[in-house]
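To keep things clear, I will list the structure first and then write my remarks on it.
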Amino acid sequence: ETGVTQTPRHLVMGMTNKKSLKCEQHLGHNAMYWYKQSAKKPLELMFVYNFKEQTENNSVPSRFSPECPNSSHLFLHLHTLQPEDSALYLCASSQSQAPLGDEQYFGPGTRLTVT
Amino acid sequence: GQQLNQSPQSMFIQEGEDVSMNCTSSSIFNTWLWYKQDPGEGPVLLIALYKAGELTSNGRLTAQFGITRKDSFLNISASIPSDVGIYFCAGRAGSYQLTFGKGTKLSVIP
Numbered sequence: 353e354t355g356v357t358q359t360p361r362h363l364v365m366g367m368t369n370k371k372s373l374k375c376e377q378h379l380g381h382n383a384m385y386w387y388k389q390s391a392k393k394p395l396e397l398m399f400v401y402n403f404k405e406q407t408e409n410n411s412v413p414s415r416f417s418p419e420c421p422n423s424s425h426l427f428l429h430l431h432t433l434q435p436e437d438s439a440l441y442l443c444a445s446s447q448s449q450a451p452l453g454d455e456q457y458f459g460p461g462t463r464l465t466v467t
Numbered sequence: 557g558q559q560l561n562q563s564p565q566s567m568f569i570q571e572g573e574d575v576s577m578n579c580t581s582s583s584i585f586n587t588w589l590w591y592k593q594d595p596g597e598g599p600v601l602l603i604a605l606y607k608a609g610e611l612t613s614n615g616r617l618t619a620q621f622g623i624t625r626k627d628s629f630l631n632i633s634a635s636i637p638s639d640v641g642i643y644f645c646a647g648r649a650g651s652y653q654l655t656f657g658k659g660t661k662l663s664v665i666p
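Just so you know, the sequences run in chain order A and B. Going by the working numbering, 356 is the number at position 4 of the first sequence; the sequence numbering is gapless. Going by the working numbering, 603 is the number at position 47 of the second sequence; the sequence numbering is gapless.
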């Protein structure tokens with residue numbers, strides 16, 4: 353138990369569906385992250401939020417839309433996805449200040465399958 | 557962006573053996589982290605390193621921040637079956653976000 357929870361753990365959706373992934377951290381951190389993990393590739397950073405403000409969007413397609421209502425919650429809204437978007441989506445959190453800001457704690461991930 | 561080379565990609569070892577894996581970067585890093593990921597779970601932070609030459613242990617795990625600041629090593633002593641998993645290195649150069657290696661998949665033969 354890392355203090356970061358993600359729901360749902362598994363999601364199957366069609367290309368025309370709209371769904372949302374949820375992440376919650378209980379660590380008192382101020383920075384939250386979304387990553388995509390595909391087989392045989394390094395973790396790909398998607399979005400970074402610091403004190404609820406988006407500070408990084410790593411050229412992510414607009415069919416992925418993040419939302420951070422407060423420092424403890426992070427959402428990833430999904431719509432009109434493609435089969436190549438199937439992957440494990442990981443949420444992480446960290447303190448906002450360096451060097452502790454480099455220590456990111458991950459949730460268990462949501463395994464997404466797009467059919 | 558920054559690039560990390562992690563090796564080996566996979567390894568099979570006998571229970572009780574020591575294990576060593578490493579990461580190298582093309583840039584000077586300020587931070588090196590090591591994570592372990594079990595199947596169906598997210599990565600778990602094992603060790604964090606912040607200074608060149610730093611050697612840090614966590615139980616049977618020992619990691620070092622290379623003196624050139626372009627590499628890091630993780631050693632596991634006296635491996636046991638629960639050490640099975642994928643080990644990732646991660647590092648940060650300058651003001652960039654963390655960069656992750658592709659992982660080393662460890663299998664332990666009882």
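Beta carbons are placed, not taken as given, at the ideal position from N, Cα and C, and that holds for glycine.
Under 9 Å between C-beta atoms of residue i and residue j
i: A646/B; j: Q389/A; result: no
i: S635/B; j: I569/B; result: yes
i: F416/A; j: G598/B; result: no
i: W386/A; j: L430/A; result: no
i: S424/A; j: E376/A; result: yes
i: M384/A; j: L426/A; result: yes
i: N561/B; j: G641/B; result: no
i: P394/A; j: G596/B; result: no
i: Q653/B; j: E436/A; result: no
i: T462/A; j: P360/A; result: yes
Three-state secondary structure (DSSP) of residue i
i: P637/B; result: helix
i: D574/B; result: coil
i: E597/B; result: coil
i: P564/B; result: coil
i: G647/B; result: strand
i: E455/A; result: coil
i: P435/A; result: helix
i: S613/B; result: strand
i: P418/A; result: strand
i: E353/A; result: coil
i: H350/A; result: Residue 350/A is absent from the structure shown; chain A starts at 353 and stops at 467.
Cβ distance (whole Å) where residue i is taken to contact residue j below 8 Å
i: L605/B; j: F621/B; result: 4 Å
i: S448/A; j: D454/A; result: That pair is no contact at about 11 Å.
Given residue i as reference, the closest of the options once Cα atoms are compared
i: A391/A; options: I665/B, T660/B, P666/B, V600/B; result: T660/B
i: Q358/A; options: L373/A, V364/A, N369/A; result: L373/A
i: K626/B; options: S563/B, P564/B, V575/B, I584/B; result: I584/B
i: V364/A; options: S448/A, S446/A, Q434/A; result: Q434/A
i: T651/B; options: T587/B, P666/B, G596/B, G641/B; result: This sequence places Ser at residue 651/B; Thr is not what is there. Comparing Cα positions, the closest option is T587/B.
i: G355/A; options: T407/A, Y387/A, H425/A, H378/A; result: H378/A
i: L440/A; options: T432/A, V412/A, E396/A; result: E396/A
i: S566/B; options: V575/B, G615/B, Q558/B, P666/B; result: V575/B
i: G609/B; options: Y643/B, G641/B, A619/B; result: A619/B
i: S563/B; options: R648/B, L617/B, S581/B, R616/B; result: S581/B
i: C438/A; options: L464/A, Q406/A, N369/A; result: Checking the sequence, you will find Ser at residue 438/A rather than Cys. Taking only the C-alpha atoms, the option nearest S438/A is L464/A.
i: M577/B; options: E571/B, F644/B, T612/B; result: F644/B
i: K607/B; options: V600/B, T624/B, L617/B; result: T624/B
i: A444/A; options: H362/A, N382/A, N369/A; result: N382/A
i: R616/B; options: Q558/B, S663/B, C579/B, G572/B; result: G572/B
Segment contact, 8 Å Cβ cut-off, at least three pairs: the stretch 408-427 of chain A with the stretch 623-634 of chain B: no
Meets three-Cβ-pair contact criterion under 8 Å: the stretch 396-404 of chain A and the stretch 589-597 of chain B: no
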